[in-house]
Amino acid sequence: MNTVSYIERKKYVRYDADSYLLYLNEAPADVVVDEESGETARGYSYTGEETDGSTRISVDAPHRHRRKPPRQVRGRAYRQALQYRRPDCHSGKQR
38 MNTVSYIERK KYVRYDADSY LLYLNEAPAD VVVDEESGET ARGYSYTGEE TDGSTRISVD
98 APHRHRRKPP RQVRGRAYRQ ALQYRRPDCH SGKQR
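Under the working numbering, think of the first position of the sequence shown as 38, with each following residue one higher.
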């Protein structure tokens with residue numbers, strides 16, 4: 038496990054198409070800004086498996102599991118609904 042400190046707060050980052058980097062185990066920390074003068078600033082430390090203190094997780098893209106119905110099915114249902122509509126309803130003609 039690697040612990041790394043940053044001045045700014047980290048959020049998740051997309052690593053590639055199937056994984057994200059999460060910055061977990063956040064804790065307040067003092068970050069050394071200038072090593073010569075010993076100046077420090079308030080920041081955050083993160084502990085994780087990666088060298089930058091993050092943890093990589095794998096995710097399945099939601100579009101791979103859900104499929105739309107074929108276009109013919111959606112079109113047929115729409116055409117069937119149109120059969121029960123009044124013919125003068127949307128024709129633009131005045132009564």
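We treat Cβ as the ideally placed atom computed from N, Cα and C, and that holds for glycine.
Going by DSSP, name the residue or residues bridged to N39.
G85
Put D53 into one of helix, strand or coil per three-state DSSP.
Of the three classes helix, strand and coil, the one that applies to D53 here is strand, per DSSP.
By DSSP, does I44 sit in helix, in strand, or in coil?
The answer is coil: DSSP assigns I44 none of H, G, I, E or B.
S74 by DSSP, collapsed to three states: which one?
coil
Can you have a look at Y134 and say buried or exposed, based on whether 16 or more other CB atoms are within 10 angstroms of its CB?
Outside the modelled stretch of the chain, which goes from 38 to 132, sits residue 134, for which no answer is possible.
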